[in-house]
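*Asks:*
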Amino acid sequence: MTRAEHLKFCKKCTNRELDMKRGLVCNLTNEIADFEKECGSFKLDDTVVERIDDTEAVEHSEVIQKLSEKDIEKFKSEQDYPKAVTTGIVVGLIGAILWGAITVATGYQIGYMAIAIGAGVGISMRYLGKGIDQIFGITGGIIAILSCFLGNFFSLVGFAANQEGLGYIEVLSMIDYSLVPSIMMEAFSPMDLFFYAIAAYEGYKFAFRTFTEKDLYNLENNNS
Numbered sequence: 009m010t011r012a013e014h015l016k017f018c019k020k021c022t023n024r025e026l027d028m029k030r031g032l033v034c035n036l037t038n039e040i041a042d043f044e045k046e047c048g049s050f051k052l053d054d055t056v057v058e059r060i061d062d063t064e065a066v067e068h069s070e071v072i073q074k075l076s077e078k079d080i081e082k083f084k085s086e087q088d089y090p091k092a093v094t095t096g097i098v099v100g101l102i103g104a105i106l107w108g109a110i111t112v113a114t115g116y117q118i119g120y121m122a123i124a125i126g127a128g129v130g131i132s133m134r135y136l137g138k139g140i141d142q143i144f145g146i147t148g149g150i151i152a153i154l155s156c157f158l159g160n161f162f163s164l165v166g167f168a169a170n171q172e173g174l175g176y177i178e179v180l181s182m183i184d185y186s187l188v189p190s191i192m193m194e195a196f197s198p199m200d201l202f203f204y205a206i207a208a209y210e211g212y213k214f215a216f217r218t219f220t221e222k223d224l225y226n227l228e229n230n231n232s
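Position in the sequence shown counted from 1, then plus 8, gives you our numbering.
(1) Where in the stretch 116-157 do unbroken runs of the alpha helix (DSSP H), each at least 4 residues long, occur, reported from the N-terminal end onward?
(2) Let me know the secondary structure DSSP gives R24 once reduced to three states.
(3) Rounding to the nearest angstrom, what Cα-Cα distance links Y212 and D42 in this structure?
(4) What does DSSP give as the partner residue(s) for V98 in the beta ladder?
(5) How would you write the range of the beta strand (DSSP E) that C34 sits in, first residue to last?
(6) Pull the bridge partners of F17 from the DSSP assignment, please.
(7) Using DSSP's beta-bridge definition, name the partner residues of F216.
(8) Short check: CB of I140 to CB of R217, under 9 angstroms?
(9) Just confirm the distance between the C-beta atoms of Y119 and G166, as a whole number of angstroms; I'd bet it's less than 8 angstroms.
(10) Assuming Y89 and G128 are in contact, meaning their beta carbons sit under 8 angstroms apart, how far apart are those beta carbons, in whole angstroms?
(11) Let me know if K20 comes out buried or exposed under the rule of 16 or more other beta-carbons within 10 Å of its beta-carbon.
(12) Distance check for N160 and E210, CA to CA, integer angstroms please.
(13) Using three-state DSSP, classify L174 as helix, strand or coil.
(14) Measure the alpha-carbon distance for K29 versus K51 and round it to whole angstroms.
(15) Mind checking which residues open and close the alpha helix (DSSP H) that includes V188?
(16) Does the distance from the C-beta atom of F144 to that of I105 stay below 9 angstroms?
(17) Compare the Cα-Cα distances from G130 to each of P189, D27, K16, A92 and report the closest residue.
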């Protein structure tokens with residue numbers, strides 16, 4: 009066993025002792041661990057387990073590094089990418105409609121709506137998709153950005169409908185969609201880019217299945 013593998017046990021053992029030169033040693037032998045597979049003198053320190061965080065999610069990249077191959081395969085078998093995509097699109101569409109409605113109602117484009125959309129898309133994908141593969145995060149970020157653009161588009165449709173005294177569906181049917189990109193660019197501001205970037209980041213970050221330190225600890229010990 010490697011030193012790192014030994015330390016996984018030593019850090020949770022009541023017989024551990026810190027040597028400033030050598031690191032953790034066994035207070036029974038005053039030597040660093042040299043056992044294979046398991047230590048006959050190991051005694052679990054319950055206070056260490058109690059202090060493990062069971063609330064805050066660990067960063068996804070760190071989770072993947074800590075999960076065993078067996079656990080990764082297990083969680084991959086539980087993933088549901090189609091359901092995650094469908095849920096993300098539905099939530100993104102609802103968010104875009106709300107963005108448009110709020111913008112038209114207030115007369116102001118509220119950038120924080122983009123952040124809410126990104127979080128909503130990501131979290132919904134997380135709970136129904138249970139994904140750990142990168143494709144879930146990438147998809148969440150893309151859906152979040154597209155939803156933000158759609159929200160801006162709905163805002164323009166709403167303003168046009170109110171100005172001309174037309175219904176929203178009527179305006180949508182009359183639009184020359186070849187002109188939409190240029191119209192969107194005219195309404196675009198540098199601040200939009202900032203909020204879109206945050207939305208994409210949140211769509212990416214929140215789309216993954218989450219694990220706390222306690223979850224990882226339990227998985228590690230179940231595999232031991």
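Note that the Cβ used here is the ideal one computed from N, Cα and C, for glycine as well.
These figures come from a predicted structure and were not determined experimentally.
*Replies:* Looking at the atomic coordinates:
(1) The qualifying runs are 120-137.
(2) Here the question's residue 24 lines up with position 16 in the sequence shown. Looking at R24 - three-state DSSP - the assignment turns out to be strand.
(3) Position 204 of the sequence shown holds residue 212. Position 34 of the sequence shown holds residue 42. Cα to Cα, Y212 sits roughly 42 angstroms from D42.
(4) Position 90 of the sequence shown, counted from the first residue, corresponds to residue 98. Residue pairing by DSSP leaves V98 without any beta bridge partner.
(5) Start at 1 with the first residue of the sequence shown, and residue 34 comes out as number 26. That run of the beta strand (DSSP E) goes 31-34.
(6) Counting from 1 along the sequence shown, the entry for residue 17 is found at position 9. None, per the DSSP bridge assignment.
(7) Position 208 of the sequence shown, counting from 1, holds the residue named residue 216. According to DSSP, which records beta bridges pairwise, F216 is partnered with G139.
(8) Taking the sequence shown and counting its residues from 1, the one referred to as residue 140 is at position 132. Taking the sequence shown and counting its residues from 1, the one referred to as residue 217 is at position 209. Cβ atoms of I140 and R217: closer than 9 angstroms.
(9) Mapped onto the sequence shown, residue 119 falls at position 111. Mapped onto the sequence shown, residue 166 falls at position 158. Before going on, a small fix: residue 119 reads as Gly here, not Tyr. Wrong, their Cβ atoms sit about 17 angstroms apart, outside the cutoff.
(10) Translated into positions along the sequence shown, residue 89 becomes position 81. Translated into positions along the sequence shown, residue 128 becomes position 120. Actually they do not touch by this definition, with Cβ atoms about 19 angstroms apart.
(11) Translated into the one-based positions of the sequence shown, residue 20 becomes position 12. By the 10 Å Cβ count, K20 comes out buried.
(12) Within the sequence shown, numbered from 1, the residue matching residue 210 stands at position 202. Within the sequence shown, numbered from 1, the residue matching residue 160 stands at position 152. In a straight line, the C-alpha of E210 is about 19 angstroms away from that of N160.
(13) On the sequence shown, residue 174 is found 166 positions in, with the first residue counted as 1. The answer is coil: DSSP assigns L174 none of H, G, I, E or B.
(14) The residue labelled residue 29 in the question sits at position 21 within the sequence shown. The residue labelled residue 51 in the question sits at position 43 within the sequence shown. Cα to Cα, the separation comes out at about 24 angstroms.
(15) Counting from 1 along the sequence shown, the entry for residue 188 is found at position 180. Residues 188-195.
(16) The sequence position of residue 144 within the sequence shown is 136, counting from 1. The sequence position of residue 105 within the sequence shown is 97, counting from 1. Not in contact: F144 and I105 (Cβ atoms no closer than 9 angstroms).
(17) Working through the sequence shown from its first residue, we reach residue 130 at position 122. If we check each option's Cα against that of G130, A92 comes out closest.
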